[in-house]
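Keeping their order, the protein sequence lines are chains R and E.
All you need for the numbering used here is the position in the first sequence, starting with 1, plus 227.
All you need for the numbering used here is the position in the second sequence, starting with 1, plus 6.
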Amino acid sequence: MALWATAGATGNGKRDGSLGYLVPALLLVVIFFIIPVLMLLLRSVLEPEPGLQNYATLLGSTTYLRIFLNTFIVAAVVTILSVSIGYPVAWLLAIMPEKWSRLVLAIIILSMWTNLLARTYAWMVLLQRTGVINKTLMGLGLIDAPLPLVNNLVGVTIGMTYIMLPFVILPLMGVIRAIDPGILRAAALCGAGRLQCFLRVLLPLSLPGVAAGALMVFVMSLGYFVTPALLGGTSNMMLAELVAQFVQSLVNWGMGGAAALVLLVVTLALYAVQLRYFNPNAAR
Amino acid sequence: MKNRVAIAFLAATVGFAGSAAAQEMVFTSWGGTTQDAQKTYWAESFTTSSGIKVTQDGPTDYGKIKAMVESGNVTWDVVDVEGDYAVQAGNAGLLEKLDFSVIDRSKLDPRFVTDYSVGSFYYSFVIGCNTDAVAECPKTWADLFDTAKFPGKRTFYKWSAPGVVEAALLADGVPADQLYPLDLDRAFKKLDTIKADIIWWDSGAQSQQLLASAEAPFGSFWNGRLTALAETGVSVETSWTNNITAADSLVVPKGAKNKEAAMKFIAAATSGPAQAQFATETGYAPINLEASALMDAELRKTLPDMQAETQVNADMSYWAEHRDEIGTRWYAWQAE
């Protein structure tokens with residue numbers, strides 16, 4: 228949430244010259260973020276012996292590369308689904324009468340406040356072979372055998388999309404609300420059809436919101452642990468699970484650090500790309 | 007030299023602070039029904055007899071143990087760990103030597119005693135089956151690996167630990183007395199044949215949930231979890247054929263703040279009565295040689311130590327030595 232708060236704050240382009248006020252925040256970041264990351268980096272090149280062998284093992288093994296690839300595919304699919312489902316919801320929220328939109332928003336936010344584990348277990352119960360979804364479908368005669376909906380990629384995608392949706396809906400809603408309805412009316416007056424209004428006016432104007440939401444979801448998905456661990460199987464493991472395995476089960480912190488750092492570097496690179504090409508200020 | 011003096015001084019102060027605050031200690035285990043029983047029959051009765059308060063924590067996390075020992079801030083005093091980890095961690099200098107002047111070594115099952123650890127309880131990996139969900143239950147490891155005869159999902163322990171590799175080799179026809187050294191190539195080849203049909207359980211509670219819901223109608227389980235599940239009314243069949251035993255151990259992380267209390271706790275937890283009560287409740291076998299005599303005769307029949315006929319003992323020292331090698335290969339194979 229902090230991410231779009233800062234995006235909004237810099238959005239008005241104000242830059243205060245003095246950095247003095249930033250010192251406490253910077254100190255916090257250095258102590259609780261930068262230093263631990265540096266220690267992790269050190270471990271990854273020092274354990275079990277000095278050198279880059281951890282990185283060589285990690286990037287030289289097809290198994291680990293497949294986990295990297297799988298992580299990116301899952302994050303991409305979840306992002307695409309979240310945006311496709313979240314966009315209409317955000318749009319609806321933006322144009323709904325206030326009292327209704329408040330209610331819907333409250334429901335969305337309430338779901339975010341519910342314990343993540345409880346929500347993930349709920350999906351486990353819903354999706355399992357003897358779960359409500361499979362039983363209903365079988366009862367209706369639509370399927371003969373239960374669909375494999377959990378302990379695989381399907382379960383991970385459903386669970387993560389559900390959890391990530393608010394992170395797309397909230398920034399998007401703000402952006403769409405800020406679009407002057409007069410512009411859409413003007414487009415319609417000039418003869419644009421509904422589709423054209425959407426494709427050539429609303430969509431381009433709301434793109435910064437889409438980009439912000441999509442990046443947030445993508446980055447969060449890359450490092451997600453709980454949902455893939457509970458709803459996924461081992462053959463479609465994600466990177467965070469691999470890190471946990473190295474740290475907790477194999478007690479090989481060098482490898483764990485290396486895997487975590489590769490993920491961090493990729494994430495930062497993506498963020499840099501987003502800042503460069505999809506900067507909300509530049510888009511306006 | 008100066009440093010050494012400083013460290014000695016520091017150690018002395020810490021030691022002093024430790025003994026002064028010895029009226030409290032922390033016990034860490036794996037949660038669920040097992041830790042509930044440990045709390046009731048070990049910790050609470052220990053508190054009654056010694057006056058030392060025991061705080062429960064968990065789940066056991068080997069990464070955390072290492073972090074605590076390295077940082078010198080050890081908040082766990084006694085930890086329930088897997089037997090092979092106990093041997094390895096002892097050799098790696100992560101554990102305190104146990105004080106056998108406090109703990110009575112002569113009464114304990116020697117299979118599970120090292121300088122750094124004693125058994126906590128021992129269990130068998132057995133074949134469990136939900137009889138409401140299937141017409142016929144697998145009886146042997148070979149059955150469990152036979153997807154033609156027994157189609158459907160089966161569940162196995164997710165983590166690299168004694169049990170699954172052995173089961174695969176037994177299923178492939180390796181005689182029980184020729185399992186070690188483990189033929190990993192052969193084991194993984196056998197495991198490959200059922201890989202698509204495996205659902206992994208990563209906690210005892212999850213294994214019970216998978217079996218009860220018939221998400222996986224059969225699989226390999228800790229015997230105690232099946233006993234507990236059967237008591238809740240689920241129709242469970244247990245096959246003890248070639249049950250594979252492994253033990254949990256009690257250890258004290260190096261630098262534990264309440265070492266003295268920890269030794270007393272271990273002595274109490276491994277005593278005959280405490281072991282007997284724990285075993286009665288959980289269906290896991292006691293590691294105290296005198297415990298069986300204190301237990302109900304009918305109940306003893308359901309314990310792993312009465313299923314010795316075709317029993318296979320997982321070789322803890324083999325595992326301790328090859329833990330990293332097998333683990334690395336295991337997780338890589340799982341992710342393939």
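Built from N, CA and C at the ideal position, the CB exists for glycine as well.
Note that this is a predicted model, so its numbers are computed, not measured.
Buried versus exposed, by CB contacts within 10 Å (16 or more), residue i
i	result
E:Asp67	buried
R:Val492	exposed
R:Cys417	exposed
R:Arg421	exposed
R:Asn297	buried
E:Asn79	exposed
R:Ser245	exposed
E:Gly289	buried
R:Leu253	exposed
R:Tyr504	exposed
E:Trp336	buried
E:Arg231	buried
R:Met215	Residue coverage of chain R in this structure runs from 228 to 511, which leaves residue 215 of chain R outside it and unanswerable.
E:Glu102	buried
Contact set for residue i: own chain, Cβ-Cβ below 7 Å, skip 5 residues either direction
i	result
R:Ile403	Ala317, Trp318, Ala321, Ser433, Gly436
E:Pro223	Cys135, Asn136, Ala139, Val140, Gly158
E:Pro310	Tyr128, Tyr129, Ser130, Asn229, Asn249, Thr251, Ala291
E:Lys164	Trp206, Trp207, Asp208
E:Met312	Arg306
R:Phe295	Leu466
E:Asp330	none
R:Pro275	Gly481
E:Gly99	Lys260
E:Val108	Met269, Lys270, Ala273
Selected residue, minimal CA-CA separation from residue i, among the options
i	options	result
E:Leu235	E:Thr39, E:Thr146, E:Arg111	E:Thr39
R:Ala349	R:Gly247, R:Gly382, R:Ala467, R:Met400	R:Gly382
R:Phe445	R:Met351, R:Phe259, R:Leu495	R:Leu495
E:Leu188	E:Gly169, E:Thr199, E:Lys201, E:Asp203	E:Gly169
E:Tyr203	R:Leu392, R:Ser462, R:Ile396, R:Pro393	In the sequence under discussion, the amino acid at residue 203 of chain E is Asp, which differs from the Tyr named in the question. The option with the nearest alpha carbon to E:Asp203 is R:Ser462.
E:Ala297	E:Thr288, E:Ala282, E:Ala303, E:Arg306	E:Ala282
R:Pro393	R:Phe295, R:Leu332, R:Val359, R:Ala303	R:Leu332
R:Ala303	R:Thr384, R:Ala405, R:Phe425	R:Thr384
R:Ser309	R:Ile370, R:Leu286, R:Lys326, R:Gly386	R:Gly386
E:Thr61	E:Ala73, E:Gly69, E:Trp48, E:Ile71	E:Trp48
R:Leu353	R:Asn378, R:Ile336, R:Trp340, R:Met339	R:Asn378
R:Pro373	R:Thr306, R:Leu449, R:Ala405, R:Gln355	R:Gln355
R:Ile261	R:Leu488, R:Leu497, R:Gln501, R:Ala499	R:Leu488
E:Gly57	E:Asp42, E:Ser77, E:Ile71, E:Met31	E:Met31
R:Ile335	R:Cys424, R:Asp407, R:Met400, R:Leu442	R:Met400
E:Thr286	E:Val242, E:Glu237, E:Glu243	E:Glu237
R:Gln501	R:Leu330, R:Leu255, R:Leu442	R:Leu442
R:Val453	R:Ala499, R:Val359, R:Thr357, R:Met351	R:Met351
E:Ala280	E:Gly37, E:Asp121, E:Lys45	E:Lys45
R:Asn340	R:Tyr282, R:Met391, R:Pro315	One point to set straight first is that residue 340 of chain R is Trp, not Asn, in the sequence displayed. If we check each option's Cα against that of R:Trp340, R:Met391 comes out closest.
Sequence-distant residues of its chain with Cβ nearer than 8 Å to residue i (five each side left out)
i	result
R:Ile410	Val428, Leu432
R:Val474	Trp480, Gly483
E:Tyr324	Tyr186, Pro187, Leu188
E:Asp316	Note on identity: in this sequence residue 316 of chain E is Thr, with Asp being the wrong assignment. The answer, listed in chain order, is Ala182, Trp246, Thr247, Asn248, Asn249.
Own chain, CB closer than 6 Å to residue i, minus 5 neighbours either side, in chain order
i	result
E:Thr34	Asp63, Gly64, Thr66, Trp82, Val85
E:Ala193	Val171, Ala174, Leu175
R:Leu430	none
E:Asp321	Tyr186
Practice task
Scan the region 215-278 of chain E and note each continuous beta strand (DSSP E) run of 3 residues or more that stays entirely inside, going in chain order.
Solution key: 224-228, 242-257
Problem - Cβ-based contacts, 7 Å cut-off: residues of the region 234-252 of chain E near chain R - result: none
Handout entry: Members of the region 195-221 of chain E near chain R, C-beta cut-off 7 Å
Key = Residues passing the 7 Å Cβ filter: Ile205, Trp206, Ser219, Ala220, Glu221.
Practice task
Jot down the residue ranges of each uninterrupted alpha helix (DSSP H) in the region 383-453 of chain R, minimum 4 residues, whole runs only, in chain order.
Solution key: Taken in chain order, the unbroken stretches of alpha helix (DSSP H) that lie wholly in the region 383-453 of chain R and span 4 residues or more are 408-416, 430-449.
Practice task
Quick one: which residues of the region 332-351 of chain R get their C-beta closer than 8 Å to a C-beta of chain E? List them in chain order.
Solution key: none
Practice task
Note down, in chain order, all residues in the region 268-293 of chain R with a beta-carbon under 9 Å from any beta-carbon belonging to chain E.
Solution key: Ser288, Thr289, Thr290, Tyr291, Arg293
Exercise for the section: Residues of the region 378-403 of chain R with a CB closer than 9 Å to any CB of chain E: list them in chain order, please. Expected result: Asn378
Exercise for the section: Anything in the region 409-429 of chain R with a Cβ closer than 8 Å to a Cβ of chain E? List those residues in chain order, please. Expected result: none
Handout entry: Start-end ranges of the alpha helix (DSSP H) lying completely within the region 61-108 of chain E, minimum 4 residues
Key = 68-77, 89-97
Practice task
Output, in sequence order along the chain, the residues in the region 51-74 of chain E whose CB is closer than 7 Å to any CB in chain R.
Solution key: Asp67, Tyr68, Gly69, Lys72
Practice task
Determine which residues of the region 349-372 of chain R have a Cβ less than 7 Å from any Cβ of chain E, and write them out in chain order.
Solution key: Gln355, Arg356, Thr357
Exercise for the section: Select from the region 469-494 of chain R all residues with a C-beta closer than 7 Å to any C-beta belonging to chain E, and list them in chain order. Expected result: Gln472, Val474, Gln475, Ser476, Leu477, Val478
Exercise for the section: Mind checking the region 313-333 of chain E against chain R and listing, in chain order, the residues whose C-beta falls within less than 8 Å of any C-beta there? Expected result: Residues Asp330, Gly333.
Problem - Contained alpha helix (DSSP H) runs [length at least 4] in the region 295-383 of chain R, N- to C-terminal order - result: 325-340, 343-354, 359-366
Handout entry: Length-filtered (4 minimum) alpha helix (DSSP H) runs lying within the region 121-175 of chain E
Key = 147-150
Exercise for the section: Check distances from the C-beta atoms of the region 259-279 of chain E to those of chain R and list, in chain order, the residues that come in under 8 Å. Expected result: none
Handout entry: Under 8 Å (Cβ pairs) to chain R, residues found in the region 114-148 of chain E
Key = none
Exercise for the section: Return the residues of the region 75-96 of chain E that lie within a Cβ-Cβ distance of less than 8 Å from chain R, sorted by chain order. Expected result: none
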